[in-house]
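Number of protein chains: 2
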Amino acid sequence: MRVLAFLDGTLADPDAAHIRVDDLGLMRGDGVFETVLVADGKPRELRPHLDRLARSASMLDLPEPDDEAWQRVVRTVIDNWTGGGEFALKLVYTRGIEGDPEARPTAYAMGLPIGEKVIRARTEGVAVVTLDRGIAPDLAERAPWLLLGAKSLSYGINMAAVREADRRGASDVIFTATDGSVLEGPTSNVVLARGRTLYTPPATIGILPGTTQAAVFRGAEHAGWTTKIEPLHADELAGADGLFLASSVRKLTRVHTLDGKALPDSSEIHAELAAAYESVYA
Amino acid sequence: MRVLAFLDGTLADPDAAHIRVDDLGLMRGDGVFETVLVADGKPRELRPHLDRLARSASMLDLPEPDDEAWQRVVRTVIDNWTGGGEFALKLVYTRGIEGDPEARPTAYAMGLPIGEKVIRARTEGVAVVTLDRGIAPDLAERAPWLLLGAKSLSYGINMAAVREADRRGASDVIFTATDGSVLEGPTSNVVLARGRTLYTPPATIGILPGTTQAAVFRGAEHAGWTTKIEPLHADELAGADGLFLASSVRKLTRVHTLDGKALPDSSEIHAELAAAYESVYA
Chain A
10 MRVLAFLDGT
20 LADPDAAHIR
30 VDDLGLMRGD
40 GVFETVLVAD
50 GKPRELRPHL
60 DRLARSASML
70 DLPEPDDEAW
80 QRVVRTVIDN
90 WTGGGEFALK
100 LVYTRGIEGD
110 PEARPTAYAM
120 GLPIGEKVIR
130 ARTEGVAVVT
140 LDRGIAPDLA
150 ERAPWLLLGA
160 KSLSYGINMA
170 AVREADRRGA
180 SDVIFTATDG
190 SVLEGPTSNV
200 VLARGRTLYT
210 PPATIGILPG
220 TTQAAVFRGA
230 EHAGWTTKIE
240 PLHADELAGA
250 DGLFLASSVR
260 KLTRVHTLDG
270 KALPDSSEIH
280 AELAAAYESV
290 YA
Chain B
10 MRVLAFLDGT
20 LADPDAAHIR
30 VDDLGLMRGD
40 GVFETVLVAD
50 GKPRELRPHL
60 DRLARSASML
70 DLPEPDDEAW
80 QRVVRTVIDN
90 WTGGGEFALK
100 LVYTRGIEGD
110 PEARPTAYAM
120 GLPIGEKVIR
130 ARTEGVAVVT
140 LDRGIAPDLA
150 ERAPWLLLGA
160 KSLSYGINMA
170 AVREADRRGA
180 SDVIFTATDG
190 SVLEGPTSNV
200 VLARGRTLYT
210 PPATIGILPG
220 TTQAAVFRGA
230 EHAGWTTKIE
240 PLHADELAGA
250 DGLFLASSVR
260 KLTRVHTLDG
270 KALPDSSEIH
280 AELAAAYESV
290 YA
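Protein chains in written order, with our numbering: chain A, 10 to 291; chain B, 10 to 291.
Structure follows, in structure tokens:
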């Protein structure tokens with residue numbers, strides 16, 4: 010099942026057409042989005058997701074999102090969801106119709122089932138390749154017009170990177186900067202475990218601040234882990250005790266293979282961290 | 010007026026909704042497009058535009074566009090256009106609905122009037138700022154997953170760059186590479202005149218091969234100019250005899266101001282080159 014609601018609260022048929030061909034979200038990838046995990050009727054990390062939506066919107070000079078309206082529409086979708094216990098909730102916010110003098114954004118929330126591939130990735134882990142993102146780690150601060158770190162609808166590169174991973178026999182990607190810095194996955198953040206410490210790179214290098222990564226870190230700290238947000242180098246990935254991708258719908262996913270080489274088994278660390286993450290919502 | 014036709018030839022109301030919220034063109038900027046100038050009922054550079062559409066589609070691993078169907082739908086829009094003598098014709102081709110097992114692309118052509126701002130730019134020229142695109146000139150060949158040189162729907166950066174230009178009191182942008190190489194405009198190619206020679210950078214550095222730039226070059230060669238496709242450095246821009254942006258709808262636009270400094274008057278060169286360009290279609 011799927012549930013679609015527009016920001017004004019109107020429920021709509023997700024199989025019908027609702028968007029004009031000249032919506033700038035479509036014509037120019039000119040808009041922002043979020044994907045929230047809903048589990049047992051509760052949206053996880055909704056506050057950080059809505060904060061990040063507002064941050065992305067600001068980076069794109071979109072009108073400030075109406076936070077209360079977004080909270081209401083999230084509730085509307087959840088209240089109308091009669092599917093399984095967990096689902097993905099997408100929030101989409103575009104610049105609206107090209108040339109509209111009133112500049113009304115297009116805004117909707119949609120509940121979607123979680124695909125089998127995602128469920129499998131959660132339990133089995135994933136093979137990942139590193140791919141050059143072609144940018145320096147200081148670029149985001151130097152050139153804000155490149156929208157690095159905005160969750161924009163212009164995700165064509167991210168999708169192309171996943172297809173490249175597929176060609177290389179993997180299913181996901183870790184982007185690296187020109188100096189070898191670890192950036193992020195196309196739809197995830199990188200988390201590395203070494204001893205009892207978790208690491209993730211800082212958002213200032215031009216990546217999305219991770220909502221799930223932050224939740225994992227909170228849960229892990231509670232379970233006695235140390236957490237550090239600091240630059241990581243691609244050379245450090247293979248030698249870690251555990252390498253993970255954090256994303257809302259896939260939660261914390263174990264990377265079992267990196268650039269074609271099997272990594273040391275991190276199943277136990279993964280189980281502990283996955284439990285620490287779930288404990289945040291217990 | 011506007012005319013909308015889908016690739017199967019169906020005419021549709023451009024003010025109605027035709028696109029689903031889960032179209033990947035919208036959700037992920039996952040698709041390609043072209044903008045063709047139609048003048049006196051004839052599409053200009055249609056062959057190069059359709060070739061480029063196919064090239065972009067291939068870079069995004071989209072199904073090969075049905076060339077004859079695109080030619081037909083272009084004809085359909087033109088035949089139904091009752092507006093002025095010149096209009097913009099957009100071709101849009103997306104990956105279609107997420108999860109569609111038949112993977113049918115969304116494909117349409119739309120005729121749109123040419124805005125006043127464009128008409129003004131054609132006659133008065135534009136103020137331009139150079140902005141760092143943050144990439145090395147060899148990146149496109151090294152990292153095809155970055156889709157450099159594909160005309161994809163993920164144009165968020167290009168739109169953000171134009172807003173940055175606006176903040177700096179200009180109306181357009183010339184992107185530069187990390188080594189100072191001249192790349193392209195967000196929706197145009199850079200053409201530089203020095204003596205009786207025209208220059209534009211090669212597409213291999215990760216930019217779109219220009220349909221209008223190529224037409225200008227053909228016309229100019231016919232009028233006795235030499236043309237060269239070779240790397241240009243940002244330092245060369247201000248000292249040229251003429252600096253221009255070439256794009257389908259704006260044609261050859263004179264840059265009168267670069268990074269806040271007035272450039273030498275290139276009106277005469279512009280008039281000659283504009284005439285040479287028009288002569289291609291005479």
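Every residue, glycine too, gets a C-beta built ideally from N, C-alpha and C.
Test: residue i CB closer than 7 Å to a CB of chain A
i        : result
Tyr117/B : yes
Met168/B : yes
Val30/B  : yes
Asp88/B  : no
Ile123/B : no
Ala26/B  : yes
Glu173/B : yes
Tyr208/B : no
Arg37/B  : yes
Leu16/B  : no
Chain-order list of residues whose beta-carbon lies under 6 Å from that of residue i (same chain, five-residue window excluded)
i        : result
Pro57/A  : Thr220
Trp79/A  : Leu59
Leu16/B  : Ala78, Val82 and Ala116
Ser275/A : Gly251 and Arg263
Ser256/A : Thr196, Ser197 and Thr221
Asn89/B  : Val12
Pro210/A : Val191, Pro240 and Leu241
The beta strand (DSSP E) enclosing residue i, as first and last residue numbers
i        : result
His242/B : Where His242/B is concerned, there is no enclosing beta strand (DSSP E), given that its DSSP letter is neither H nor E.
Tyr208/A : Thr206 to Thr209
Val264/A : Lys260 to Leu267
Ala3/B   : Lying outside 10 to 291, the shown extent of chain B, residue 3/B is not represented and no answer is given.
Ala97/A  : Glu95 to Thr103
Glu43/A  : Gly40 to Ala48
Leu254/A : Gly251 to Ser256
Met36/A  : Met36/A -> not in any beta strand (DSSP E); alpha helix (DSSP H) instead, spanning Leu33 to Arg37.
Residues of its chain near residue i, where Cβ-Cβ distance is below 7 Å and the 5 sequence neighbours each way are ignored
i        : result
Ala247/B : Leu267, Lys270 and Leu272
Asp1/B   : With chain B covering only 10 through 291, there is no way to say anything about residue 1/B.
Leu55/B  : Val45 and Val83
Glu230/A : Thr236
Ile28/B  : Leu35 and Thr115
Cβ-based neighbour list, residue i, same chain, cut-off 8 Å, excluding 5 preceding and 5 following
i        : result
Lys160/B : Val41, Phe42, Glu43, Arg61, Leu62, Ser65 and Leu217
Leu162/A : Gly34, Gly38, Asp39, Gly40, Val41, Phe42, Val101 and Thr103
Glu281/A : Ala232
Within-7 Å CB hit, residue i to chain B
i        : result
Tyr102/A : no
Leu140/A : yes
Trp154/A : yes
Ala179/A : no
Arg53/A  : no
Ile144/A : yes
Gly165/A : yes
Asp188/A : no
Leu192/A : no
Leu162/A : yes
Asp75/A  : no
Whole-number beta carbon distance between residue j and residue i, since they are thought to touch under 8 Å
i        : j        : result
Ile278/B : Asp244/B : About 20 Å; that fails the 8 Å criterion.
Ala136/B : Ser197/B : The pair is not a contact, with the Cβ atoms about 14 Å apart (cut-off 8 Å).
Asp70/B  : Arg113/A : With 8 Å as the limit, Asp70/B and Arg113/A do not qualify as a contact, their Cβ atoms being about 34 Å apart.
Thr262/B : Arg177/B : That belief does not hold up - the Cβ atoms of Thr262/B and Arg177/B are roughly 18 Å apart, past 8 Å.
Pro74/A  : Val30/B  : At roughly 17 Å, the Cβ-Cβ gap does not stay under 8 Å, so Pro74/A and Val30/B are not in contact.
Pro146/A : Gly215/A : 7 Å
Val12/B  : Ile123/B : No, Val12/B and Ile123/B are not in contact; Cβ-Cβ is about 14 Å, not under 8 Å.
Val200/B : Val182/B : With 8 Å as the limit, Val200/B and Val182/B do not qualify as a contact, their Cβ atoms being about 15 Å apart.
Ala156/A : Leu148/A : First, the residue type needs correcting, since residue 156/A is Leu and not Ala in the sequence shown. Not a contact, Cβ separation roughly 11 Å.
Gly158/B : Ala212/B : 6 Å
Tyr286/A : Ala48/A  : Not confirmed; about 11 Å, so no contact.
Ala373/A : Val127/A : Any question about residue 373/A goes unanswered here, given that chain A covers just 10 to 291.
Alpha helix (DSSP H) segment containing residue i, residue limits
i        : result
Glu150/A : Leu148 to Arg151
Leu282/B : Ser276 to Ser288
Ala223/B : Thr220 to His231
Ile128/B : Glu125 to Glu133
Thr85/B  : Asp76 to Asn89
Gly165/B : Gly165 to Arg176
Partners in chain D for residue i, counting only beta-carbon separations shorter than 9 Å
i       : result
Pro23/B : Any reference to chain D falls outside this structure, whose protein chains are A and B.
Closer than 6 Å: residue i CB and nearest the ligand GTP heavy atom
i        : result
Thr103/B : Inclusion of the ligand GTP in the displayed structure is not the case, the ligand content being empty and no account of it being possible.
Are the stretch 175 to 188 of chain A and the stretch 128 to 143 of chain A touching, with three or more C-beta to C-beta distances below 8 Å? Contact between the stretch 175 to 188 of chain A and the stretch 128 to 143 of chain A is present, because at least three Cβ pairs lie under 8 Å.
May I ask you to verify whether the stretch 229 to 238 of chain B touches the stretch 196 to 207 of chain B, counting CB pairs closer than 8 Å and requiring at least 3? Contact annotation: the stretch 229 to 238 of chain B touches the stretch 196 to 207 of chain B, with at least three C-beta pairs closer than 8 Å.
At least 3 beta-carbon pairs within less than 8 Å: the stretch 109 to 127 of chain A vs the stretch 92 to 101 of chain A: With the cut-off at 8 Å, the stretch 109 to 127 of chain A and the stretch 92 to 101 of chain A touch.
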